[in-house]
């Protein structure tokens with residue numbers, strides 16, 4: 015089944031019965047919604063975290079924050095990335111199932127920001143080869 019198709023309708027029964035596999039049903043339900051894994055440490059992430067609250071209601075758009083990388087489609091990185099944190103961030107990315115996307119948000123994540131000359135920080139996110147979107 016392609017990700018765009020609705021699961022196969024059983025022609026022998028009424029139209030309210032769907033005959034499909036659990037895997038296809040799960041893929042179809044996830045088609046229109048992203049489940050992000052939020053990974054942030056600094057000011058940009060605190061601003062972004064307001065979307066999770068009731069005022070902006072992140073969930074009504076189908077974006078359900080996940081706490082496990084095995085349930086996430088998207089990892090959103092915000093804030094500074096230190097040398098010590100980089101292996102954890104890469105490991106989280108590797109644990110995500112396909113299809114997986116990365117969004118880097120903020121100057122510190124993308125270019126290192128004001129910490130770019132410090133040897134303890136990355137000059138940009140360590141997973142820049144996998145970046146899907148960049149938000150400046």
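Residue numbers (our numbering): 15 to 150.
Glycine included, C-beta positions come from ideal geometry on N, C-alpha and C.
Below 8 Å, enough C-beta pairs join the segment 82-102 and the segment 118-132 to call them touching: three or more.
Under DSSP, residue 89 shares a beta bridge with 51 and 116. Inclusion of residue 79 and residue 52 in the CB contact set at 7 Å is warranted, their separation being smaller than that value. Exposed is the label assigned to residue 67, since fewer than 16 other Cβ atoms lie within 10 Å of its Cβ. The beta carbon of residue 55 sits closer than 7 Å to those of 93 and 94, all from its chain and outside the five residues before and after it, given in chain order. Following the DSSP letters along the chain, one finds residue 82 in no alpha helix (DSSP H), marked with neither H nor E.
Residue 72 and residue 108 have their C-alpha atoms spaced approximately 25 Å apart. The alpha carbon of residue 102 has as its nearest neighbour, out of 82, 113 and 112, the alpha carbon of 82.
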